[in-house]
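In the numbering used here, the protein residues as written are 2 to 553.
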Amino acid sequence: MFIHAHVTIQVELKLLQVSLNPIRILKNEAEEEKAEVARMSSFIGAIAIGDLVKSTLGPKGMDKILVSSGRNAGQVEVTNDGATILKSIGIDNPAAKILVDMSKVQDDEVGDGTTSVTVLAAELLREAEKLIEQKLHPQTIIAGWRLSVEAAKQALAEASFDHEKNFNKAALRADLENIARTTLSSKILSNHKEHFTKLAVDAVLRLKGSGNLKAIQIIKISGGVLEESFLDEGFLLNKKVGLHQPKRIENANILIANTPMDTDKIKVFGSTIKVDSMAKIAELEVAEKEKMKDKVNKILAHKCNVFINRQLIYNYPEQLFADAGVMAIEHADFDGIERLALVTGGEIVSTFDTPEKVKLGHCKLIEQVLIGDECLIRFSGVELGSACTIVIRGATQQVIDEAERSLHDALCVLAATVKEPKIIYGGGASEMLMAEAVSRVAARTPGKEAAAAEAFAIALRRLPSAVADNAGYDSADLISRLRASHAQGETTMGLDMENGCVGDMKTLGITESYVVKRQVLLSAAEAAEVILRVDNILKAAPRRRGPDRRPC
Numbered sequence: 002m003f004i005h006a007h008v009t010i011q012v013e014l015k016l017l018q019v020s021l022n023p024i025r026i027l028k029n030e031a032e033e034e035k036a037e038v039a040r041m042s043s044f045i046g047a048i049a050i051g052d053l054v055k056s057t058l059g060p061k062g063m064d065k066i067l068v069s070s071g072r073n074a075g076q077v078e079v080t081n082d083g084a085t086i087l088k089s090i091g092i093d094n095p096a097a098k099i100l101v102d103m104s105k106v107q108d109d110e111v112g113d114g115t116t117s118v119t120v121l122a123a124e125l126l127r128e129a130e131k132l133i134e135q136k137l138h139p140q141t142i143i144a145g146w147r148l149s150v151e152a153a154k155q156a157l158a159e160a161s162f163d164h165e166k167n168f169n170k171a172a173l174r175a176d177l178e179n180i181a182r183t184t185l186s187s188k189i190l191s192n193h194k195e196h197f198t199k200l201a202v203d204a205v206l207r208l209k210g211s212g213n214l215k216a217i218q219i220i221k222i223s224g225g226v227l228e229e230s231f232l233d234e235g236f237l238l239n240k241k242v243g244l245h246q247p248k249r250i251e252n253a254n255i256l257i258a259n260t261p262m263d264t265d266k267i268k269v270f271g272s273t274i275k276v277d278s279m280a281k282i283a284e285l286e287v288a289e290k291e292k293m294k295d296k297v298n299k300i301l302a303h304k305c306n307v308f309i310n311r312q313l314i315y316n317y318p319e320q321l322f323a324d325a326g327v328m329a330i331e332h333a334d335f336d337g338i339e340r341l342a343l344v345t346g347g348e349i350v351s352t353f354d355t356p357e358k359v360k361l362g363h364c365k366l367i368e369q370v371l372i373g374d375e376c377l378i379r380f381s382g383v384e385l386g387s388a389c390t391i392v393i394r395g396a397t398q399q400v401i402d403e404a405e406r407s408l409h410d411a412l413c414v415l416a417a418t419v420k421e422p423k424i425i426y427g428g429g430a431s432e433m434l435m436a437e438a439v440s441r442v443a444a445r446t447p448g449k450e451a452a453a454a455e456a457f458a459i460a461l462r463r464l465p466s467a468v469a470d471n472a473g474y475d476s477a478d479l480i481s482r483l484r485a486s487h488a489q490g491e492t493t494m495g496l497d498m499e500n501g502c503v504g505d506m507k508t509l510g511i512t513e514s515y516v517v518k519r520q521v522l523l524s525a526a527e528a529a530e531v532i533l534r535v536d537n538i539l540k541a542a543p544r545r546r547g548p549d550r551r552p553c
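Here it is as structure tokens:
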């Protein structure tokens with residue numbers, strides 16, 4: 002009896018010892034954050050990302066200077082584009098990375114609204130943090146948010162309008178110009194927005210509704226000023242024609258290739274060749290020349306009068322092309338020849354044994370032109386008639402890089418609008434409209450979901466508030482006036498940042514794309530919901546390298 006009791010006490014002591022010592026199931030260097038710690042870590046990271054880009058919102062938003070490290074150390078970019086800022090910074094917080102990825106998707110999908118979607122998601126999580134402190138469960142908050150998204154989406158759809166249904170092309174063009182002006186107002190091109198609005202709208206309308214932005218080439222040439230940028234109704238390739246070759250070709254048949262054209266030179270200094278005389282080396286060079294001549298003859302058998310190669314064309318084949326009266330263009334960048342194949346109707350080839358199966362590109366005229374100090378090749382009358390090139394001029398590389406990003410955003414928004422030509426009013430009018438609709442839903446909703454819905458409305462109002470703050474105005478005063486206007490049914494009222502007051506967006510012509518605004522709403526709500534669901538963060542242990550046992 003005594004022995005049995007003693008054993009029982011020992012077993013209980015061991016169990017007590019095991020329960021007091023935490024059991025670790027992860028590898029030694031793996032990390033785990035649980036429950037409230039994980040949730041707060043996610044909130045802090047996401048809110049920090051939102052605060053980082055919030056100051057760039059609106060027509061009076063500020064810019065960021067990005068300084069590269071590593072291979073491009075010291076390279077400087079000046080931008081207020083949310084996607085560019087977020088993809089350029091190193092981030093360790095998992096929730097922050099979710100917002101960065103969301104911003105990238107927004108940029109890929111519609112081209113604009115990258116800052117708005119990040120700020121809205123961050124503000125939703127800021128409000129969610131307050132609700133969790135009030136003991137609301139994350140699933141309750143998510144349920145309220147889903148009600149809010151449906152109400153906001155419906156209000157946005159009802160407020161949108163479409164001129165294309167009436168086949169009013171003049172009104173559609175005016176809408177596109179207003180959207181382009183609104184998009185460019187917050188960019189470096191704001192001082193020249195009328196000029197670049199015309200360029201962007203003309204380029205997109207040439208696409209005739211296809212939305213294929215690959216047909217629009219953007220070339221940057223340093224020098225001059227931004228107002229000297231222009232639209233060329235053709236395709237420009239930033240290359241020069243080879244020596245002693247024709248500088249102008251009419252009715253061009255174009256063979257586009259990605260093939261080595263340097264086998265006419267033996268790499269003597271990089272090879273080991275055993276010969277008994279220098280004459281043998283000469284024989285090898287002659288053999289290589291014959292091999293290259295055969296390759297050129299195969300290319301000429303395609304009946305082309307223009308040959309464009311992705312790789313270098315060395316002296317001997319260049320001379321052979323010149324003798325045959327063929328324009329040869331070398332070292333065209335890959336993006337350039339991809340676009341060229343698209344607009345001329347050709348295909349990129351690397352072998353030349355079956356000329357009957359190769360599709361050549363065609364255009365009416367190819368000529369070499371001089372823009373500034375740069376020689377370019379213009380392709381006019383291409384098969385894809387909608388193709389065009391926008392040439393951006395500017396004083397510095399940073400200016401033209403940011404101008405390209407700004408113009409790309411405008412082109413993406415216009416292309417999306419042409420595909421789905423619904424328009425809404427800007428200046429914070431749509432955000433306030435959605436917020437009022439969500440507040441009405443919150444007032445009708447019983448239970449704790451009402452608090453979550455009202456928090457969603459507060460987050461929506463934070464966007465126009467940030468725009469007013471960035472312009473240096475009293476945001477509290479402006480937003481209260483704007484709320485009062487919308488409460489009285491004046492749904493076209495928004496923020497006039499030129500005069501620092503509330504104005505009629507319809508009269509001012511400040512409009513935005515419905516597609517962009519809808520995508521901002523849905524993406525931000527989804528990303529915030531994903532982060533709110535997190536209750537554990539597990540970081541894998543770093544991979545260990547084994548000892549290097551190779552001999553020195």
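Cβ coordinates follow ideal geometry from the N, Cα and C atoms, glycine included.
Source: prediction; values computed, not measured.
In its chain, beyond the 5 residues on either side, N254, I255, L256, V327, L361 have a beta carbon closer than 8 Å to the beta carbon of C305. T492 places its beta carbon 7 Å or farther from that of N179. Comparing C-alpha distances from Q76 to each of S481, S89, D82 shows the shortest one belongs to S89. Between A129 and G51 a beta carbon distance of about 13 Å is seen, past the 8 Å cut, so the two are scored as non-contacting. Here DSSP, grouped into helix, strand and coil, assigns H363 to strand. Q489 sits exposed, since fewer than 16 C-beta atoms from the chains shown fall within 10 Å of its C-beta. A direct Cα-Cα distance of roughly 10 Å separates H303 from D354.
It is roughly 19 Å from the alpha-carbon of I189 to the alpha-carbon of G473.
Bridge pairing for N310: A258 [DSSP].
Three or more Cβ pairs closer than 8 Å define a contact, and the stretch 223-233 falls short of that threshold against the stretch 415-426.
Contact between E405 and I393 holds, with the beta-carbon distance rounding to 6 Å and staying under 8 Å.
Non-local beta-carbon contacts of D108 in its own chain, meaning distances under 7 Å to residues more than five positions away in sequence, involve A84, T115 in chain order. One thing to note: V118 has its Cβ within 7 Å of the Cβ of V521. Counting of Cβ neighbours within 10 angstroms places H138 among the exposed residues, the total staying below 16. Its chain contains A181, L408, A411, L412, L415 as the residues whose beta carbon lies nearer than 7 Å to that of A201, once the 5 sequence neighbours on both sides are disregarded; these appear in chain order.
Note: R379 is bridge-paired with L237, E368 in the DSSP secondary-structure output. Between A467 and the set L385, M41, R445, G429, the nearest pair of CA atoms involves G429. Around the beta carbon of F457, 16 or more other beta carbons lie within 10 angstroms, which makes this residue buried. Taking 7 Å as the cut-off, the Cβ atoms of V439 and A454 count as close.
In the three-state DSSP reduction, G224 falls in the strand class (E or B). DSSP places D402 inside the alpha helix (DSSP H), whose first and last residues are 398-420. Here the C-alpha atom of V38 lies approximately 10 Å from the C-alpha atom of F44.
Excluding residues up to 5 positions away in sequence, S223 lie with their Cβ nearer than 7 Å to the Cβ of Q398 in the same chain. Taking a 10 Å sphere around the C-beta of C364, we find 16 or more other C-beta atoms and assign the residue as buried. Boundaries of the alpha helix (DSSP H) harbouring I99: 95-110, taken from the DSSP string. Ranked by Cα distance from V150, the options L523, R534, E530, V531 are led by L523. Here the alpha carbons of S431 and F231 stand approximately 33 Å from one another. Taking the Cα positions, G235 is about 31 Å away from D163. Bridge partners of G495 according to DSSP: G504.
DSSP, read as helix, strand or coil, puts K61 in coil. Burial check for N73: the Cβ neighbour count within 10 Å stays below 16, so the residue is exposed.
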